[in-house]
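Inspection log for the structure reproduced underneath, given as structure tokens.
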Amino acid sequence: MIHGSDLGRRIPLDREVTRLGRDPQCECVVPGEEVSREHCVITSQAGVMRVRDLESRHGTHVNEQPIQPGIESVLRSGDLVRVGRAIFKYLEGDDVEALYREEIYRVTITDALTGTYSRRYLLDFLEREMERCLRHHRPLALAMINVDHFKSINDAHGHLAGDRVLRELAGVLGAQARREGCLSRCGGEEFASVLPETDRDDTLFFAERVRASVQCHDFCVDGERIPVTVSVGIAVLELGMTLPGELIEAAARNLYLAKDAGRNSVVG
1 MIHGSDLGRR IPLDREVTRL GRDPQCECVV PGEEVSREHC VITSQAGVMR VRDLESRHGT
61 HVNEQPIQPG IESVLRSGDL VRVGRAIFKY LEGDDVEALY REEIYRVTIT DALTGTYSRR
121 YLLDFLEREM ERCLRHHRPL ALAMINVDHF KSINDAHGHL AGDRVLRELA GVLGAQARRE
181 GCLSRCGGEE FASVLPETDR DDTLFFAERV RASVQCHDFC VDGERIPVTV SVGIAVLELG
241 MTLPGELIEA AARNLYLAKD AGRNSVVG
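Sequence positions in the sequence shown follow our numbering and run 1 to 268.
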């Protein structure tokens, strides 16, 4: 499991049939209101793994593509299987244990839902960049990005739709992110973008471009357009700042001001 309540949990597929669902009798119990009692089944035949949806309410997805109930989909190493809000990665090979360890490390530095870096990686990246920029007197900036009224999206369209919005939003933000920077999901509906070698004016320009790109993007779930906007707070590295938390806190204060200013705005 690379996303969900049991992050990092390993489920060996060492039997002919492995059922996934909320029912405690399932070989792989997956909690969550979006998960059916018997959601899907993975079968092993002659060394080939196949997944089949059991007419679940929200469907089973392989690599974000829904599979039709009753139709078996062959699994290949690296495939992602989504059951409700949980995401599993299928691994096979001569040394599954080594692949598993590599995957666990990848999980610690990336957010499985959006593909951006994790908060843990953000803190490590900021620590290194702050030390470098302070030593060489170089500029460094941070933009905190938060989805406006995200709870209302979940309430109106469901958490699965909210997850799809976050994944699509990560793509929009990634298209604007600097190659030498770091785009991270800090938790929930909040993201952070680190901008090395960037002063305040250029960071404000970047943040405004991000805000406008999100507002203009068509977020669609099941054919229905969902309006999405973000608020952005920025901060630049100043003398006296030595810890990543200090730069994050400064950006977060401006983010709150952007929220107070009516949202869909930039403050820095």
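Think of the CB as a built atom: it goes at the ideal place given N, C-alpha and C, for glycine as much as any other residue.
Item: Going by other Cβ atoms of all chains shown within 10 Å of its Cβ, with 16 needed for buried, is His39 buried or exposed?; Value: buried
Item: Do the stretch 49-69 and the stretch 78-91 make contact, defined as three or more Cβ pairs closer than 8 Å?; Value: yes
Item: Identify the residues that DSSP records as bridge partners of Leu183: which are they?; Value: Ser193
Item: Check for me: the beta strand (DSSP E) holding Glu92 runs from which residue to which?; Value: Careful: Glu92 lies outside any beta strand (DSSP E) and carries neither H nor E.
Item: Could you check what DSSP says for Cys3 in three-state terms: helix, strand or coil?; Value: The amino acid occupying residue 3 in the given sequence is His; Cys does not appear at that position. Strand.
Item: Have a look at Ala156 and Glu238 and give me their C-alpha separation to the nearest angstrom.; Value: 42 Å
Item: Quick one: is Cys182 buried, meaning 16 or more other Cβ sit within 10 Å of its Cβ, or exposed?; Value: buried
Item: Give the DSSP-derived three-state secondary structure of Cys26 in the structure shown.; Value: coil
Item: Using DSSP with H/G/I as helix, E/B as strand and the rest coil, what is Pro69?; Value: coil
Item: Counting beta carbon pairs with one atom in the stretch 168-176 and one in the stretch 100-116, are three or more of them shorter than 8 Å?; Value: yes
Item: Using a Cβ-Cβ cut-off of 8 Å (strictly less than) and excluding sequence neighbours within five positions of Arg225, which residues of its own chain qualify?; Value: Asp218 and Phe219
Item: Assign Glu224 to one of three DSSP states: helix, strand, or coil.; Value: strand
Item: Could you name the residues of the same chain whose beta carbon sits closer than 7 Å to that of His159, not counting the 5 residues immediately before and after it, in chain order?; Value: Glu34 and Arg85
Item: Under 8 Å by Cβ, that's how I've got Glu16 and Thr43 pegged, so tell me the actual separation to the nearest angstrom.; Value: 6 Å
Item: For my contact list, Arg211 and Val232 are in at a C-beta cut-off of 8 Å; report their separation, rounded to the angstrom.; Value: 6 Å
Item: When we look at the beta-carbon of Arg57 and count the other beta-carbons within 10 Å, is it buried (16 or more) or exposed?; Value: exposed
Item: Residue ranges of each beta strand (DSSP E) run of no fewer than 3 residues wholly in the stretch 130-155, ordered along the chain?; Value: 140-147
Item: Can a CB atom of chain B be found closer than 8 Å to the CB of Asp6?; Value: The chain inventory of the structure shown lacks chain B, comprising one protein chain alone.
Item: DSSP three-state call for Leu80: helix, strand or coil?; Value: strand
Item: Assign Thr198 to one of three DSSP states: helix, strand, or coil.; Value: coil
Item: Looking at the unbroken beta strand (DSSP E) that takes in His61, where does it start and where does it end?; Value: Thr60 to Val62
Item: Would you identify the three-state DSSP class for Thr242, choosing helix, strand or coil?; Value: coil
Item: Tell whether a beta-carbon distance below 8 Å holds between Val147 and Val230.; Value: yes
Item: Select from Gln65, Phe125 and Ile11 the residue whose C-alpha is nearest the C-alpha of Tyr90.; Value: Ile11
Item: Kindly indicate the opening and closing residues of the alpha helix (DSSP H) around Leu272.; Value: Absent from the structure is residue 272, since the part of the chain shown begins at 1 and ends at 268.
Item: Would you identify the three-state DSSP class for Leu123, choosing helix, strand or coil?; Value: helix
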